[in-house]
Amino acid sequence: MRKILNILYVMVLIPLMTGCFDEPGTSTLITDFTDTGFVEIVEASGGASRNKAFVAVPDGENVNSSITVSYGGAVSASQVSITYEIDTEASTAIEGVDFVLLSSNTITIPAGEYTAPINFEVVDDNLEVDNPVTIVFRIVQASVPILEEYSEVSITLSVSCPAPAGIFGTYDAVTTETSPAGCNGVTNVVEITEVDGSDVELQFSDLTGGLYINCYGDADNPGIVNYVCGDLSLVNQEDVVYGDDVLNGSGTYNATTGVITLVWSNGYGDKGTTVLTKQ
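Here the sequence shown stands for residues -22 to -1, 1 to 257, where the numbers follow mature numbering (1 follows the signal peptide of the UniProt record, and there is no 0).
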């Protein structure tokens, strides 16, 4: 399964209670810009893109990402140290499960520079489609004042699985394990095309893999199959040939071989296992 990991940076500025910074030795919180120097999270201030799209990654591989802490004001002649934390109560992402921090909890902006990253790795295999999770980062201490408004940010991690471009095209279909049994081994040529406005729906020119046209001498039955991260789902597609019925089923797509397998049936008892090989 290949996923496109979309890390959607939704910057939710969460009100901070001053009491969080009342520990001895913590930095001064400020509410406005100052030329004397301060630190902030770039993504919180809108200074960086809130959306990052990642190329597809296979199972077992993770995706590196980061947020950026910046120094504002006249360039500092000395390094600036920043300590941050993950708000585990406000976060829905679990460290060690959904993500792994690559940076230590104290980072440094070198003298004469303005930014430093907080690096983390997203464990994309553990993310679920349509179930985003969030990481809340917070600056808790720095060697210069902290701009309170932009000291905290919530980053939403989400995964989506758009159908790969290679799945579309012309296929030779062979359908076995059929009912009626006498239709076993019927063939057809099936076109799979894109559906406007969707990146997961596949338009099949025939859902029956040649059974209707070859076994009954009728027409092909087109319909939509959903792509779900390498799996295929056929749900209540209308029987446009005979009416008053639907087709359901499931299957897989092998991106390496380009072979699609679809097991389907209808309410009348017709069924089959269709193997589609790209021409």
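The C-beta atom is built at its ideal place from N, Cα and C for all residues, glycine as well. Small disclaimer: the values here were computed from a predicted structure and weren't measured.
Distance between beta carbons of residue j and residue i, contact taken as under 8 Å
i	j	result
G250	E155	6 Å
G236	L212	Rounded, the Cβ-Cβ distance is 19 Å, inconsistent with contact.
Y128	A22	4 Å
G144	A89	In fact, because the Cβ distance is near 50 Å, the residues do not count as touching under 8 Å.
I64	F115	6 Å
Sequence-distant residues of its chain with Cβ nearer than 6 Å to residue i (five each side left out)
i	result
S121	V58, S59
G50	F16
C-beta contact flag for residue i and residue j at 8 Å
i	j	result
P253	V152	The residue asked about is misnamed: residue 253 is Val in this sequence, not Pro. A contact, by the Cβ cut-off of 8 Å.
N166	V101	no
N192	D223	no
Y190	L210	no
K256	G147	yes
I96	Y62	yes
CA-to-CA distance, residue j to residue i, given in whole angstroms
i	j	result
F98	E91	21 Å
V219	S183	13 Å
T239	G195	24 Å
E216	T70	39 Å
L105	L135	8 Å
S54	T86	12 Å
P158	P200	20 Å
I124	T66	21 Å
Residue i - partner residues in DSSP beta bridges
i	result
A94	V47
T252	T153, L240
F16	G50
Y205	L210
A120	I60
Y231	I238
E39	Paired residues: none, contrary to the question.
Cutoff 8 Å; reference residue i; Cβ partners in own chain excluding five residues on either side
i	result
S78	It should be pointed out that residue 78 corresponds to Val in this sequence rather than to Ser. Counting only Cβ-Cβ distances below 8 Å, and skipping sequence neighbours, we find N40, F98, E99, V101.
V173	E179, L180, Q181, I202
Chain-order list of residues whose beta-carbon lies under 7 Å from that of residue i (same chain, five-residue window excluded)
i	result
N214	V224, N226
L80	N97, F98, E99
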